[in-house]
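Keeping their order, the protein sequence lines are chains A and B.
For the first sequence, the tail end lands on 872 under full-length UniProt numbering, and the numbers increase by one without skipping.
For the second sequence, the tail end lands on 872 under full-length UniProt numbering, and the numbers increase by one without skipping.
Virtual Cβ for every residue (Gly too), placed ideally from N, Cα, C.
Owing to the predicted nature of the structure, the values given are computational and were not obtained by experimental measurement.
There are 2 protein chains.
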Amino acid sequence: MADQVFTFDVPTEIDKTVLGGKGCSLMQMSNIGLDVPPFFVIPCQTCVHYMENQSWPVDYEAKIWAALKKIEDATGRKFGDSAKPLLLSVRSGARVSMPGMMDTVLNLGLNDESVEGLAKDSGNERFAWDAYRRFIQMYGDVVLGVPHKNFEHILEGLKKKYSAAQDTDLSAEHLKECVAEYRAMVKKTINEEFPKDPKDQLIRAINAVFDSWTNERAVYYRNMHSIDHRWGTAVNVQSMVFGNLGQTSGTGVGFTRDPATGEKMIYGEFLPNAQGEDVVAGIRTPIKISDMESVGGVWPGVYKQLCDNYDKLEAFYKDMVDLEFTVQDGKLYMLQARVGKRTAAAMVRIAAEMVKEGMITEKEALLRQEPNKIGELLHKTFDPKAVRNVVATGLPASPGAGVGRVEFTAADAEARFNAGEPAILVRAETSPRISSVTMSQGILTARGGCSSHAAVVARGMGKCCVAGCSAVEVDEEAEQMKINGKVFKRGDWLSLDGSTGEVIEGQLATIAPVFSENFNLILQWADKYRQLDIRTNADTPADAKQAVAFGAQGIGLTRTEHMFFEHDRIYSMREMIVSETAEQRKAALAKLLPFQRDDFIGMFKALEGRPANIRLLDPPLHEFVSQEMDFAPLIKATGKSEEELRAFVDSLAEANPMLGFRGCRLGMVYPEISRMQARAIMEAAAEVQATGLEVHPEIMIPVLNHVNEMEAMRKLVADECEKVLAEKNIKVDYHIGTMIELPRACITADKIAEHAEYFSFGTNDLTQTTTGISRDDYNKFMPVYLDKSVYPFDFFQRIDTEGVGELMKMAVQKGRTTRPGMKIGICGEQTGQESVFFCQQIGLTYISCSPFRVPGARVSAAQAALLYPREQ
Amino acid sequence: MADQVFTFDVPTEIDKTVLGGKGCSLMQMSNIGLDVPPFFVIPCQTCVHYMENQSWPVDYEAKIWAALKKIEDATGRKFGDSAKPLLLSVRSGARVSMPGMMDTVLNLGLNDESVEGLAKDSGNERFAWDAYRRFIQMYGDVVLGVPHKNFEHILEGLKKKYSAAQDTDLSAEHLKECVAEYRAMVKKTINEEFPKDPKDQLIRAINAVFDSWTNERAVYYRNMHSIDHRWGTAVNVQSMVFGNLGQTSGTGVGFTRDPATGEKMIYGEFLPNAQGEDVVAGIRTPIKISDMESVGGVWPGVYKQLCDNYDKLEAFYKDMVDLEFTVQDGKLYMLQARVGKRTAAAMVRIAAEMVKEGMITEKEALLRQEPNKIGELLHKTFDPKAVRNVVATGLPASPGAGVGRVEFTAADAEARFNAGEPAILVRAETSPRISSVTMSQGILTARGGCSSHAAVVARGMGKCCVAGCSAVEVDEEAEQMKINGKVFKRGDWLSLDGSTGEVIEGQLATIAPVFSENFNLILQWADKYRQLDIRTNADTPADAKQAVAFGAQGIGLTRTEHMFFEHDRIYSMREMIVSETAEQRKAALAKLLPFQRDDFIGMFKALEGRPANIRLLDPPLHEFVSQEMDFAPLIKATGKSEEELRAFVDSLAEANPMLGFRGCRLGMVYPEISRMQARAIMEAAAEVQATGLEVHPEIMIPVLNHVNEMEAMRKLVADECEKVLAEKNIKVDYHIGTMIELPRACITADKIAEHAEYFSFGTNDLTQTTTGISRDDYNKFMPVYLDKSVYPFDFFQRIDTEGVGELMKMAVQKGRTTRPGMKIGICGEQTGQESVFFCQQIGLTYISCSPFRVPGARVSAAQAALLYPREQ
């Protein structure tokens with residue numbers, strides 16, 4: 001594959017792993033009869049070959065020239081020609097989109113001869129020299145490594161010299177002077193002439209695109225998005241068309257539906273007499289495509305053609321299409337078409353409406369959902385009743401409600417985030433660091449449109465963005481901005497409404513989200529197809545209620561220890577901890593019992609008959625005490641001296657608490673603790689059952705290692721449960737199971753299952769022990785590991801199927817040997833799509849996650865069932 | 001089986017799992033024609049039945065009476081008879097010996113009628129009433145649960161009343177009075193008459209022996225010795241014979257060889273006119289059996305018979321036999337014979353000499369060795385006759401006998417050594433300077449376990465160490481410590497027993513070790529048969545030399561970090577740690593390089609051509625610094641303020657250092673550290689090779705998780721090695737492998753083996769991660785777990801074959817799929833017999849242990865090869 005070149009005239013299999021996304025898009029548009037400038041594609045495999053060998057495959061150059069010849073023939077132009085020169089664009093295009101991460105060169109093929117040809121041919125000398133100037137600047141920056149600011153400096157100097165307000169105010173002569181200065185500066189900077197031979201230009205540009213695959217921001221982006229570093233990028237070489245040949249030319253970008261709301265419409269923007277980068281860079285503010293008709297001239301005709309193309313593209317892609325086009329002298333050329341990025345709201349609406357339109361099936365609609373974006377639909381919006389002090393309005397580039405303190409640099413925004421404070425990142429014109437977008441509550445830019453880099457990145461991450469807000473004047477040096485005369489300094493509060501584009505002074509109040517009809521439809525379809533149950537991790541009745549509202553089918557994990565931190569309970573807890581005898585311990589536990597019982601009553605009521613998996617006390621006891629705590633209540637309760645108590649607290653310290661005296665080890669040594677908890681659960685169950693509600697408590701033994709622990713703990717807990725039921729003379733449907741969170745438990749799961757009625761994977765601890773990585777400490781090396789792709793991803797964000805997953809598989813298989821069909825869940829918050837797919841594949845019964853992840857998990861589970869169906 | 005009774009007259013298969021040890025011994029003696037009093041055996045299975053059902057099997061009582069009838073017939077006596085009464089002993093006898101743990105009843109069958117018959121028959125009224133008294137006392141205690149002191153109280157009262165100095169001074173009349181008082185007291189205490197019916201007596205005695213299987217001390221003993229609680233005990237019911245019928249009667253115990261030295265001789269003691277318990281109680285001083293001839297009377301004849309029996313027993317058992325006998329009216333009865341317990345010296349000598357005598361084969365001699373006792377032959381030991389004033393007990397971290405004067409700092413201990421006096425170094429918690437260990441007679445630490453740095457270093461040097469002795473409270477400032485309230489000052493004498501963990505006040509007398517000719521023979525045979533190689537864990541040339549002397553075939557683990565604690569190196573190490581840039585780090589490392597190189601030169605020389613597996617830096621960097629260290633050198637070297645440095649030291653702290661920034665993670669983030677170590681190894685190899693010695697360095701990557709780490713580290717290390725070799729223009733046979741100490745590494749061993757040339761299991765860390773147990777913290781729950789048999793044994797003392805072992809098996813199997821026949825060792829000090837057997841079974845290449853464990857490991861490995869032979 002590496003030694004091939006794919007040309008526009010030969011039908012080729014549409015394979016993104018070969019042609020890359022952009023290459024496929026060109027081939028496809030060609031196939032469905034749209035006008036596309038002639039092109040050829042250098043496949044990703046050639047880039048891989050280049051990375052490995054720092055050279056091209058044997059005889060590859062000849063193949064490039066042959067492909068070039070085809071473009072020359074189709075366009076009737078010649079590369080480097082002084083009459084009708086062929087100009088090329090050279091663009092990256094990886095298997096998955098990495099917007100703005102890699103390099104592009106335009107207008108390639110210009111030199112002192114061909115610029116004359118271009119001038120003659122276009123009849124526009126100024127245009128030709130401007131193209132030449134742009135080419136030198138771009139090529140100098142991207143291929144030759146000449147700093148961007150060197151060019152800007154010269155250009156600004158000339159504008160000042162000739163009192164030009166805009167670039168467009170410079171004449172052909174001025175631009176010739178600019179080109180001369182550019183070339184002199186390049187030579188001085190890199191000690192080499194700017195390359196004149198167009199073939200030389202092309203070879204070096206291709207290599208520069210290859211190299212840009214491994215530039216710093218591209219590597220960072222791939223790490224963020226778990227993209228394989230070994231894929232490489234394709235290179236698309238295409239005949240240039242110009243949108244800046246005058247008022248019958250122009251360029252634009254569009255979507256077949258509104259990417260923010262999902263509404264079906266002719267959506268998009270165009271700029272007359274402009275090149276593509278002018279739209280993206282956001283220097284001039286564009287016109288809506290839907291307003292094209294009213295512009296007159298060639299535009300109503302172009303508009304009709306565009307509408308037609310919109311229909312053709314949607315019919316072909318059966319999805320919302322993101323497209324780019326250029327109009328050259330009244331003729332429309334399609335430059336790119338691909339399935340477009342969209343907000344969560346648009347994702348849901350488009351899918352649901354396309355089902356209603358009969359364009360796709362329910363299953364296809366479900367498979368198109370990005371479950372991790374669904375969370376956006378659950379997040380807050382501004383309180384409609386709150387009074388908005390709107391200071392300016394920009395473009396609604398990415399929806400959401402962002403509230404934070406103003407910062408003007410990525411570094412400052414990240415620092416504020418790390419300090420635990422919300423930041424709003426404000427930039428004049430921006431290619432923001434992705435990390436700074438992640439770490440900000442919202443992005444505000446003075447220039448750029450909805451297609452600017454900042455907007456695209458923000459939408460991808462579900463961050464709110466207001467773009468092109470021209471009222472904003474940033475003074476980075478003074479660390480402040482002016483909006484319509486009003487000064488905002490670093491740290492001032494600001495609120496952004498990404499759905500309206502409003503910039504609001506201060507901290508605006510927010511409210512909980514509303515579920516749209518389309519969203520409910522998607523969730524209903526998800527429930528119809530999924531095979532995994534979805535439960536929630538919840539420690540309070542409020543959480544449980546929220547999760548039930550989001551569709552949770554029960555509780556997958558209640559951490560009882562969190563309950564002991566509340567109010568005065570912590571004092572009784574501490575009294576229990578410092579007890580010297582079982583009697584003292586029982587006395588302190590007796591004080592905790594009513595609190596625990598009340599906790600569980602609240603949980604059972606909130607669940608309205610759904611099952612609740614309750615984990616017995618898990619953390620080491622020293623987590624409940626510290627040298628900094630108030631010793632007075634404890635001194636009073638125990639009669640011990642502060643010195644004694646402090647010494648005792650010290651004695652509880654552990655070298656590795658994660659592997660210490662915790663989980664069922666506590667119950668094995670202090671059985672009275674587990675008895676109190678079992679009693680509280682069953683007394684609560686009895687009380688709630690008496691009100692007519694069903695209760696299904698599941699009692700879970702944590703940190704289990706050995707079947708003997710399971711047998712002993714089961715006996716202990718069941719004994720106490722039966723005692724309570726005998727006292728109350730009732731029956732309750734309860735079960736006793738265990739958390740599988742140690743490798744040894746996985747390995748001996750068949751034995752453990754003899755005494756455990758169900759399993760629940762604790763993937764956090766299981767990952768910590770299997771990989772020997774403490775999540776509390778891994779920041780010291782994990783960033784380096786991810787940067788260098790030593791680990792393919794963070795095992796705490798996604799199940800390490802090759803390592804941890806093997807143990808999980810073993811546990812499922814062994815557990816069900818002795819207890820066929822046993823219920824097995826997972827409660828480690830591993831609800832990323834890949835993790836859910838894995839859970840489906842190994843046959844889990846349910847997954848459990850925090851309430852706000854429940855809707856996303858329902859959708860992931862449906863996708864898992866569609867992709868990896870199993871008999872049930 | 002449970003419903004059977006085995007009688008003396010029916011030949012029965014000798015099976016300890018049925019008859020128990022004592023039952024087998026009776027049957028066997030019977031079989032080879034020795035005179036044994038008639039008996040029957042109730043098998044272990046009946047005890048198990050009784051434990052499970054609290055009743056006997058159906059019709060079992062009738063079988064007991066039938067068996068009893070056979071004894072009556074053989075002896076011509078009748079149970080409960082008033083003329084010639086049959087008296088019985090009822091004894092426990094489990095599958096393995098549990099000396100003194102369970103109950104015994106003697107003289108059973110006596111009541112007010114049969115005591116008269118015994119008096120008549122023996123012609124000795126006093127003897128009969130004394131037997132009756134003893135029976136009531138023993139039966140009352142064991143079967144009826146009457147406190148022993150109640151009987152003692154009555155007996156003492158009568159002795160006072162009749163001015164009797166000894167029990168023997170009491171007349172028949174006095175004993176009648178005693179019996180009457182005993183019975184009245186029994187009735188008062190338990191509100192029940194002492195049982196008169198002999199059959200009733202027997203049934204209850206049998207049940208009492210059954211019950212004694214589950215008494216507290218028996219359970220404790222079984223936990224201590226890893227004996228299965230489900231086995232139950234057999235019950236041996238036997239006709240009584242009396243050694244206390246006068247001067248032609250007596251009782252004795254003997255060994256067919258000297259159990260302390262192993263010398264072949266007629267070894268043993270006897271007491272004329274005495275019962276067995278008189279010998280054990282030590283009230284009268286017995287006579288040597290070898291002196292029997294000179295006693296005259298019946299004794300020379302008995303002696304001749306005994307010598308004959310010694311020969312018969314050794315010929316039958318083909319081992320040293322431990323025997324008991326009683327002479328009644330001049331007739332010798334054998335009561336017990338079993339393979340006898342012996343010291344390490346005797347174990348070696350007996351086995352070697354029996355081979356020379358043609359009695360057993362070399363293989364049998366090897367299989368009889370207890371490898372864990374072999375260590376006793378390598379260390380100075382305490383004189384067993386010396387009286388021990390034990391003040392506390394800690395963990396037996398390194399065997400040996402240490403006697404010296406207490407010192408609290410390394411410097412003071414060294415000073416005392418230099419002054420020619422022995423020191424015992426006492427530390428609260430310690431990373432001792434290696435030199436201070438060398439210069440001390442023993443190490444005592446208040447905290448830390450058997451894997452603590454102090455313990456590892458001490459074992460490596462054959463120095464005794466008692467660790468984790470929590471009773472020790474060190475007050476370094478006051479230069480004293482308190483042990484259970486008692487104060488020890490600097491210079492006070494202290495003795496440490498590293499084999500028991502005992503801390504002994506004063507100077508206990510010691511005896512020196514000898515490497516006997518027989519011991520050397522055993523070791524030669526071991527080498528002849530074993531298939532596992534034996535290597536050593538050694539961090540210093542002295543250790544390596546010692547291990548080679550003990551037969552080590554190379555180094556299985558060198559921990560390079562210990563080298564950094566020595567002398568001034570620690571300052572450069574700290575300088576490296578606080579470096580902010582790679583350049584600073586390299587500068588500090590450059591200072592360490594010559595030291596490391598010298599270390600390795602020493603090691604390679606000591607090994608004389610044997611391979612050395614060297615582990616790259618493993619512990620987290622914070623182990624090399626502390627807030628208590630001297631900051632002055634660091635301030636000087638770095639120019640930083642103390643405040644900055646202290647803050648940096650704080651920033652290194654980890655929540656779970658065991659799972660933190662350590663092992664290869666250090667090399668992945670700071671490659672210059674691994675490069676320095678690789679360079680030091682290869683420069684040392686080059687230098688030593690130049691002297692004509694072979695060198696075979698193996699460089700081991702620690703804490704490996706993922707194949708990508710292996711690939712990257714291998715590349716890094718190999719690159720530096722090749723650089724050195726190129727500089728020196730030589731070749732060195734070196735290999736790069738990895739430690740397998742994380743579950744994930746086991747699971748993905750096939751991938752890792754693509755880049756690792758060998759594996760070495762680090763079973764300590766592998767056990768910690770697999771079981772989620774931190775060895776530093778497990779003292780809080782492990783004692784309870786072992787007491788309750790929750791875990792069958794301590795997984796750090798013996799490989800957890802069911803859990804950790806499964807992962808090891810997986811790693812071996814997977815590793816050799818991609819790298820057939822790859823070298824795989826283990827360096828976790830798991831050299832217990834069962835662990836070595838497991839290593840043999842899963843196909844390891846070698847095991848590695850501290851120098852003083854090498855000889856024992858050679859023997860274990862030979863046993864493993866004999867029991868689980870494999871093709872090689």
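- [ ] Name the one or two DSSP bridge partners that Asn613/A has.
- [x] Counting from one through the first sequence, the residue named residue 613/A turns up at place 613. Per the DSSP secondary-structure output, Asn613/A pairs in a beta bridge with Glu698/A.
Task: Member of Val339/A, Phe793/A, Val90/A, Asn729/A whose CA lies at the smallest distance from the CA of Pro198/A - done: Locating residue 198/A in the first sequence gives position 198, where the first residue counts as 1. Checked all of Val339/A, Phe793/A, Val90/A, Asn729/A; the closest Cα to Pro198/A is Val90/A.
TODO: List the residues of chain A that Ile577/B touches, going by C-beta distances under 9 Å, in chain order.
DONE: To locate residue 577/B, count along the second sequence from 1; it is residue 577. Taking the beta carbon of Ile577/B as reference, no residue of chain A falls within 9 Å; the closest one sits roughly 13 Å away.
Open item on the list: Across the region 550-561 of chain B and the region 528-537 of chain B, are there enough close Cβ pairs to call them in contact, namely three or more that are closer than 8 Å?
Closed with: Enough Cβ pairs lie closer than 8 Å, so yes.
Open item on the list: With a threshold of 8 Å between beta-carbons, can residue 887/B be considered close to chain A, or not?
Closed with: Residue coverage of chain B in this structure runs from 1 to 872, which leaves residue 887/B outside it and unanswerable.
Open item on the list: For the ligand NAD, is there any heavy atom lying closer than 7 Å to the beta carbon of Phe210/A?
Closed with: Looking for the ligand NAD in the displayed structure turns up nothing, as the structure carries no ligands at all.
Open item on the list: Check whether the region 560-572 of chain A and the region 641-648 of chain A are in contact - that is, three or more C-beta pairs closer than 8 Å.
Closed with: Verdict: no, contact absent.
Open item on the list: Please report the distance separating the alpha-carbon of Leu271/A from that of Thr285/A.
Closed with: Residue numbering aside, residue 271/A sits at position 271 when the first sequence is read from its first letter. Residue numbering aside, residue 285/A sits at position 285 when the first sequence is read from its first letter. Straight through space, the alpha carbons of Thr285/A and Leu271/A are spaced by roughly 8 Å.
- [ ] Assign Tyr846/A to one of three DSSP states: helix, strand, or coil.
- [x] Position 846 of the first sequence, counted from the start, is the residue given in the question as residue 846/A. Looking at Tyr846/A - three-state DSSP - the assignment turns out to be strand.
Open item on the list: Whole angstroms are fine: how far does the CA of Glu421/A sit from the CA of residue 886/A?
Closed with: Lying outside 1 to 872, the shown extent of chain A, residue 886/A is not represented and no answer is given.
TODO: Evaluate Thr581/A with the Cβ neighbour count: other Cβ atoms within 10 Å of its Cβ, from every protein chain shown; 16 or more gives buried, anything less gives exposed.
DONE: Residue mapping note: residue 581/A aligns to position 581 of the first sequence, counting from 1. Under this definition Thr581/A is an exposed residue.
TODO: In angstroms with no decimal places, state the Cα-to-Cα distance between Lys636/B and Glu720/B.
DONE: Within the second sequence, residue 636/B is the residue found at index 636, counting from 1. Within the second sequence, residue 720/B is the residue found at index 720, counting from 1. Cα to Cα, Lys636/B sits roughly 31 Å from Glu720/B.
TODO: Name, please, each residue of chain B whose Cβ falls closer than 7 Å to the Cβ of Ser674/A.
DONE: In the first sequence, residue 674/A corresponds to position 674, counting from 1. Neighbours of Ser674/A in chain B, taken as residues at a C-beta separation under 7 Å, are lacking, since the least C-beta distance is about 14 Å.
TODO: Could you tell me whether the Cβ atoms of Thr769/A and Leu742/A are closer together than 8 Å?
DONE: Here residue 769/A refers to the residue found at position 769 of the first sequence. Here residue 742/A refers to the residue found at position 742 of the first sequence. Going by C-beta atoms, Thr769/A is nearer than 8 Å to Leu742/A.
Task: CA-to-CA distance, Thr233/A to Ala218/A, given in whole angstroms - done: Here residue 218/A refers to the residue found at position 218 of the first sequence. Here residue 233/A refers to the residue found at position 233 of the first sequence. Distance between the alpha carbons of Ala218/A and Thr233/A is about 11 Å.
TODO: Check the Cβ of Ala756/B against every Cβ in chain A and list those closer than 9 Å, keeping chain order.
DONE: Position 756 of the second sequence, counted from the first residue, corresponds to residue 756/B. Neighbours of Ala756/B on chain A: none; closest Cβ ~16 Å, over 9 Å.
Open item on the list: List, from N- to C-terminal side, the beta strand (DSSP E) runs of 3 residues or more that fit wholly inside the region 601-655 of chain B.
Closed with: Annotation note: the region 601-655 of chain B contains the following uninterrupted beta strand (DSSP E) runs of length 3 or greater, listed N- to C-terminal: 611-615.
TODO: Would you mind giving the Cβ-Cβ distance between Ile71/B and Ile206/B, rounded to the nearest angstrom? I have them listed as a contact below 8 Å.
DONE: Along the second sequence, read from residue 1 onward, the residue named residue 71/B stands at position 71. Along the second sequence, read from residue 1 onward, the residue named residue 206/B stands at position 206. Their Cβ separation, rounded to whole angstroms, is 14 Å, which puts Ile71/B and Ile206/B out of contact at 8 Å.
Task: Given residue 881/A as reference, the closest of Ser249/A, Glu698/A, Leu144/A, Lys380/A once Cα atoms are compared - done: In this structure chain A extends from 1 to 872, so residue 881/A is not present and cannot be described.
Open item on the list: Would the region 234-243 of chain A count as touching the region 81-90 of chain A if we require 3 or more Cβ pairs under 8 Å?
Closed with: They touch, by the three-pair rule.
Task: Whether Lys84/B touches Gly109/B by CB criterion (8 Å) - done: The residue you call residue 84/B lines up with position 84 of the second sequence. The residue you call residue 109/B lines up with position 109 of the second sequence. 8 Å or more divides the Cβ of Lys84/B from the Cβ of Gly109/B.
Open item on the list: If I follow the unbroken beta strand (DSSP E) through Gln238/B, where does it start and stop?
Closed with: In the second sequence, residue 238/B corresponds to position 238, counting from 1. Segment 233-239, the beta strand (DSSP E) holding Gln238/B.
TODO: Have a look at Gly805/A and Ile799/A and give me their C-alpha separation to the nearest angstrom.
DONE: Position 805 of the first sequence holds residue 805/A. Position 799 of the first sequence holds residue 799/A. Within the model, the alpha-carbon separation for Gly805/A versus Ile799/A is close to 7 Å.
Open item on the list: Restricting to Cα atoms, I'd like to know which of Asp121/B, Asp311/B, Leu617/B is closest to Leu666/B.
Closed with: Here the question's residue 666/B lines up with position 666 in the second sequence. Selected option, being the one with the closest Cα: Leu617/B.
Task: Simplified DSSP state of Arg427/A, which is helix, strand or coil - done: Translated into positions along the first sequence, residue 427/A becomes position 427. The three-state reading of DSSP puts Arg427/A in strand, counting E and B together.
Task: Endpoints, the alpha helix (DSSP H) within which Gln689/A is located - done: The residue given as residue 689/A occupies position 689 in the first sequence. For Gln689/A, the enclosing alpha helix (DSSP H) has its first and last residue at 671-690.
Open item on the list: Taking the alpha-carbon of Phe151/B as reference, which of Gly268/B, Glu517/B, Asn729/B, Ala184/B has the nearest alpha-carbon?
Closed with: Here residue 151/B is taken as the residue at index 151 of the second sequence, counted from 1. Selected option, being the one with the closest Cα: Ala184/B.
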